[in-house]
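In the working numbering, the protein residues as written are 2 to 304.
Structural data, given as structure tokens:
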């Protein structure tokens with residue numbers, strides 16, 4: 002028994018439309034034996050004769066009259082599927098939605114992504130500041146196309162790329178700076194003030210000390226802004242850790258481990274199975290090929 006295939010269904014529809022195997026073959030750009038063989042395979046698969054071949058003009062059998070409308074319905078459904086897929090690949094309005102943590106900031110992303118926007122004026126980049134805990138759900142729900150931040154969850158179908166790495170600075174309590182560089186052990190001697198975790202800085206800080214197997218004394222309160230971290234450090238409530246670009250005016254020291262700068266890694270993450278539009282595919286290609294070159298030629302803070 003033969004399997005149903007789209008070509009056999011299309012040949013059957015053409016025979017119905019043109020009234021003969023030869024006319025259907027000409028319309029489909031194939032030979033008449035190809036059409037005849039395909040119709041025979043279809044009738045074998047359905048277990049019913051669709052066309053009466055004994056008359057001068059090809060006629061539809063009672064079984065054909067019952068089944069051929071379903072053939073046309075299947076072909077129309079396939080055509081609708083193809084139209085839908087084409088619309089996804091080339092939507093009328095080309096949007097690219099970038100979710101980012103406040104720890105990253107739209108200004109830095111704008112610098113990294115501006116060349117893409119300049120080369121694709123028909124694509125509208127929309128930036129959405131998101132809490133770290135929302136990023137994964139937003140990717141799965143396709144309300145953002147790319148998530149940018151640190152500590153982004155790993156999972157099935159995830160594509161990811163390191164955007165840049167930034168050195169961390171230590172803001173000591175009362176602004177007392179004894180030297181330009183401090184170690185994790187030096188930092189752990191003071192109480193540590195953290196943010197609420199929505200940006201990813203607090204989890205990254207805890208993981209940093211956990212991997213080094215160093216206990217920390219966390220302040221019970223949580224800062225809601227990076228400016229508050231600086232103020233609390235200056236007030237002596239506790240020390241704080243911030244990426245270098247976010248330190249505004251508070252005295253700070255470079256954070257090191259094993260004589261190497263401690264850095265925070267920022268990534269771009271996307272759902273490989275949901276990147277279907279051509280402009281989204283172009284953006285992922287841009288992330289992989291252009292962004293690393295931009296970062297390599299940037300300032301030390303983005304190295």
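All C-beta atoms, glycine included, are put in the ideal place defined by N, C-alpha and C. Remember, it's a predicted structure, so these values are computed and weren't measured experimentally.
In this structure, DSSP gives residue 132 a state outside helix and strand, which the three-state scheme calls coil.
Just so you know, the alpha carbons of residue 276 and residue 282 end up roughly 6 angstroms apart. Within the region 119-170, the runs of alpha helix (DSSP H) that reach at least 4 residues and sit entirely inside it are, in chain order, 133-141.
Under the 10 Å beta carbon count, residue 226 is surrounded by fewer than 16 other beta carbons and is classified as exposed.
In the pairwise beta carbon analysis, the region 36-56 is classified as touching the region 5-20: at least three pairs are separated by under 8 angstroms. For residue 6, the secondary structure class from DSSP, reduced to helix, strand or coil, is coil. Check the Cα spacing between residue 232 and each of 272, 30 and 249: the tightest is with 249. Residue 234 and residue 151 have their C-alpha atoms some 23 angstroms from each other. Residue 193 and residue 247 have their C-alpha atoms roughly 17 angstroms apart.
Under the three-pair Cβ rule at 8 angstroms, the region 94-105 counts as touching the region 137-152. In the displayed model, residue 40 falls within a helix according to three-state DSSP. The three-state reading of DSSP puts residue 176 in helix, counting H, G and I together.
Its chain contains 124 and 126 as the residues whose beta carbon lies nearer than 8 angstroms to that of residue 118, once the 5 sequence neighbours on both sides are disregarded; these appear in chain order. Note that the C-beta distance between residue 267 and residue 149 is below 8 angstroms.
In this structure, residue 162 and residue 230 do not form a Cβ contact; the two beta carbons are roughly 28 angstroms apart against a cut-off of 8 angstroms. Counting of Cβ neighbours within 10 angstroms places residue 202 among the buried residues, the total reaching 16 or more. Between the region 6-13 and the region 33-47, the count of C-beta pairs closer than 8 angstroms reaches three or more; the two stretches touch. Burial is judged here by how many other beta carbons sit within 10 angstroms of a residue's own beta carbon; residue 280 has at least 16 and is buried.
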